[in-house]
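Each protein sequence line maps, in turn, to chains A and B.
Heads up: the first sequence is residues 1 to 255, going by full-length UniProt numbering.
Heads up: the second sequence is residues 1 to 255, going by full-length UniProt numbering.
There are 2 protein chains.
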Amino acid sequence: MSEQDAGSYTPSEYRTPDGAPSDIVVFTITATEKLSAKKSLPVRKLEVLLIQRKKWPFEGKWALPGGFTRESETVQACARRELLEETGVSDVHLEYFNVYSDRGRDPRGWMISHAFFALVQETYVANRRTSDEASDVRLLPVEEALAMELAFDHRTILQDALDRIRLKMLTTTIAKEFLPERFTISELYQVIRTVVPAFEERNFIRKITSTQSRKGILEEVRDRSGQPMMSNRYSQRPAQLYRFTDYVPELSIYG
Amino acid sequence: MSEQDAGSYTPSEYRTPDGAPSDIVVFTITATEKLSAKKSLPVRKLEVLLIQRKKWPFEGKWALPGGFTRESETVQACARRELLEETGVSDVHLEYFNVYSDRGRDPRGWMISHAFFALVQETYVANRRTSDEASDVRLLPVEEALAMELAFDHRTILQDALDRIRLKMLTTTIAKEFLPERFTISELYQVIRTVVPAFEERNFIRKITSTQSRKGILEEVRDRSGQPMMSNRYSQRPAQLYRFTDYVPELSIYG
DNA sequence: TCAATAGTGTCTGTGAGACAGTATGCG
DNA sequence: CGCATACTGTCTCACAGACACTATTGA
C-alpha cells in the first residue's frame, strides 16, 4: 500500500537509503571553423562535460557531475544547484529522465541516483572551473566518453541520456537549446545532424518552410520595417534568419 | 561533483532520506455492453486503481498503491513487487515516469517517491483484493479520481501519469496493452479515443490500413489456410482482425 | 572566375481528407 | 426491412522526394 507500511515507521525499524544523489549529463555542441580561409559551415561536435574524481571511490576516474540531495530541496533543485556550482550557469534546459538504483552501483552504500540532462550553449561552459572535489573538468566528445570506463554506472546513464535527447531532438523543438535565438536553416540542420547523424533530409529547407505541413514551428525574422533579416556568417550569399515560435507540434503514429 | 561530497561520508554527517517509496498508477479500460439488445460497440472507460488508507497519515483517504523500496531491490523491482502483491498480476506493462520529492509531501519524513504507471487488461484486475493495509480497493473513473482529494501528492502524480499515457498512446503502440492479441480496427480506435478523447480521425481505417504510410504497425490476421480471420463480436458484418507487428514507428517533426 | 552556401523550378507519385455509397447479417 | 457496424469508390488538393537549375558575394 502506498507508503503506509510505514504507518508505524521508525528509523531503526527499516533500512533507509544512504543518499539520493543527482547526476547531470551536460551536453553541448562545439563549433570549430574549418581550416579553409573561405566562409563555410563549422564542424560541429556533440560533447559532454565530465569531471575527474579526486577521492574514493573511483578516484582518478571520469564521472558525471552531480551531488547529494539535501533534505530541504527537491531532486530537481539539487540538480539545478549542482549545475550552477559546477558550470556557473543557470536558466538552461534541465530535464529529469531516469532513476538508477541497482544494488552495488555505489560502494559507499545504498544510493538511489536521479539522472538529468542539460543542454547548454558552448559559450556557457567555456568558463568552467575545477572545484575542490575534481582534479579536472573537461568537455569530451560523446563517442569518446562512451568508449571510456567511467565511474559508477555513469556510462549507462550517459548512453540513456544520449538516446533520450536523440528522440527529443526529432520530436520536440529542443534543438533551440543549442541555437541562438535567430539562426539559419543550415544551422538548424547541422545541429540536428550532430545529435542524430542518421537524420538525413535532402529537401530539408523545402519541408521546414512549406508553411502548410510543418506549419508554425519556425517563422522568418524581419526587422522593424518588415524587411527579412539575413545572415552571411557562414556563406557568401546571405541566408534568411528564422526563430522558433512557441507552437508545440503534436505527433501521432495514427494520423 | 558526482556523489563525491560523500568521499568522507558517514551516516551521522549528512541527513539521509527516510524512505524511497514507489507509487503505481494502474490504468485499465473497462468495457460495458450497451443496453440495446443488438450487437454494438461497448462503452469503454479509463479507470484507475485506488486503495483506501487504513492508517495514519491520510487514513480514510484514497491513494495510489505502492510501498517502500528495500535495500536489496531496485525501485523498478519494488514497483513490480508491489503491483504483484496488490493486484496479483505480473507480466504487465510497467513503466517509470517521474520522481516526486517536494518537501513535506509525506508527514512521516523525507520521502522521495518514484512513480510508475501500469497498463492492465480489465480481466487482470477483476480479482483484486483488499490487503491488511487498505480498507478498500477500487477501480474509479480517472476523471472522478482527479476530482477527489487524494492522499499525499497523488492527485498530481495521477495527472502526470495521465498526461504521459496520452502522449504515448499517440506516439507508440502501447494501445496493445489494452487490447487482446487480435482485435478489430474499431476496437483499436475506441481504445485510443478512451484515453485521448480529443483524438478524432474520420478515415481511421483508411489511414491505418493504407499499407504505405503507416506501414507495418498492424498486420491482418490470417488462419493456417491463408483466409483472413474475422470477428462479429461487435457487429453483424464480420470485421477483419489485426495484430500489432513488432515494428517500432519513428516520428519526427522535421520530416 | 571560382568556391561555397542558399535557395527555386518542375515533375511525379502518393496519400490525406471528405463524403457518399455499398456490404453483411441479425432481429 | 431496418439497424449498426464494416468497409470501398471516387474525387481533390497538398506535398514529399528527386534533381537540376539559378542566385549571391567574397576571395
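The beta-carbon is built from N, C-alpha and C at its ideal position, and this holds for glycine as well.
Query                                                                                                                                                                             : Result
Which runs of the alpha helix (DSSP H) spanning at least 4 residues fall entirely within the UniProt domain "Nudix hydrolase" (17-162) of chain A, listed in chain order?         : 75-87, 122-126, 142-147
Checking contacts by CB at 8 Å: is P17(A) closer than that to chain B?                                                                                                            : yes
Could you tell me whether the stretch 141-159 of chain B touches the stretch 41-52 of chain B, using the rule of 3 or more Cβ pairs below 8 Å?                                    : yes
If the cut is a Cβ gap below 7 Å, which residues of chain A does E71(B) touch?                                                                                                    : R15, W110
Confirm the yes/no value for this check: CB of R155(B), any heavy atom of the ligand GDP, distance under 7 Å.                                                                     : Among the ligands in the structure shown, none appear at all, so the ligand GDP cannot be discussed.
Return the bridge partner residues of E220(A) from the DSSP annotation.                                                                                                           : Y242(A)
Is there a Cβ of chain A sitting closer than 8 Å to that of R164(B), yes or no?                                                                                                   : no
Give me the DSSP bridge partner(s) of T184(A).                                                                                                                                    : The partner list for T184(A) (beta bridge, DSSP) is empty, contrary to what the question assumes.
For chain A, is any of its Cβ atoms less than 8 Å away from the one on F68(B)?                                                                                                    : yes
Check whether the Cβ atoms of Y234(B) and T184(B) lie closer than 8 Å to each other.                                                                                              : yes
Listing by chain order, which chain B residues have their CB less than 8 Å from the CB of R193(A)?                                                                                : By Cβ distance, chain B contributes nothing, its closest Cβ being about 11 Å from R193(A), past 8 Å.
What number of angstroms, rounded off, separates the C-alpha of V195(A) from the C-alpha of G88(B)?                                                                               : 43 Å
Should G67(B) go down as buried or exposed, given a rule of 16 or more other Cβ atoms within 10 Å for buried?                                                                     : buried
Return the Cβ separation of V221(A) and R182(A) in integer angstroms, given the expectation that the two are a contact with Cβ distance under 8 Å.                                : 5 Å
Can you pull the chain B residues whose beta carbon is under 7 Å from the beta carbon of H114(A), in chain order?                                                                 : V99
Quick check: is the beta carbon of S252(B) nearer than 8 Å to any beta carbon in chain A?                                                                                         : yes
With respect to the alpha helix (DSSP H) encompassing T209(A), which residues constitute its N-terminal and C-terminal limits?                                                    : 204-209
Between the stretch 156-174 of chain A and the stretch 99-117 of chain A, do at least 3 Cβ pairs fall closer than 8 Å?                                                            : yes
Roughly how many whole angstroms lie between the Cα atoms of P228(B) and F97(B)?                                                                                                  : 39 Å
Check M169(B) in the structure and name its three-state DSSP category.                                                                                                            : helix
Less than 8 Å between CB atoms is the rule here; does K34(A) satisfy it with respect to chain B?                                                                                  : no
When the cut-off is 8 Å and only beta carbons count, does P107(B) lie next to chain A?                                                                                            : no
With a threshold of 8 Å between beta carbons, is K168(A) in contact with chain B?                                                                                                 : no
With DSSP as the reference, please indicate the residues paired to S231(A) in a beta bridge.                                                                                      : A239(A)
Label T211(A) either buried or exposed according to how many other C-beta atoms from any shown protein chain fall within 10 Å of its C-beta, with 16 as the threshold for buried. : exposed
Under a CB-based cut-off of 8 Å, is F183(B) close to chain A?                                                                                                                     : no
Ignore the nearest five residues each way along the sequence and tell me which others in L188(A)'s own chain have a CB closer than 7 Å to its CB.                                 : A175, L179
When you compare the CB of V26(A) with every CB in chain B, is at least one pair closer than 8 Å?                                                                                 : no
Name the residue from R105(A), P238(A), R214(A), R80(A) whose alpha carbon lies nearest to the alpha carbon of V92(A).                                                            : R80(A)
DSSP three-state call for L248(B): helix, strand or coil?                                                                                                                         : Per the sequence presented here, residue 248(B) reads as Val, with Leu not at that position. Coil, per DSSP.
How close, in whole Å, do the beta carbons of residue 281(B) and M111(B) come, if the pair is a contact with beta carbons under 8 Å?                                              : In the structure displayed, chain B extends from 1 to 255; residue 281(B) sits before or after that span and is not available.
Determine, for E95(A), whether the minimum Cβ-Cβ distance to residues of chain B falls below 8 Å.                                                                                 : no
Under 8 Å, Cβ to Cβ, is there at least one residue of chain B near residue 265(A)?                                                                                                : This structure leaves residue 265(A) out entirely; chain A is present only between 1 and 255.
If contact means a Cβ-Cβ distance below 7 Å, which residues of the stretch 216-246 of chain B contact chain A?                                                                    : I217
Determine the DSSP secondary structure at V195(A), reduced to helix, strand or coil.                                                                                              : helix
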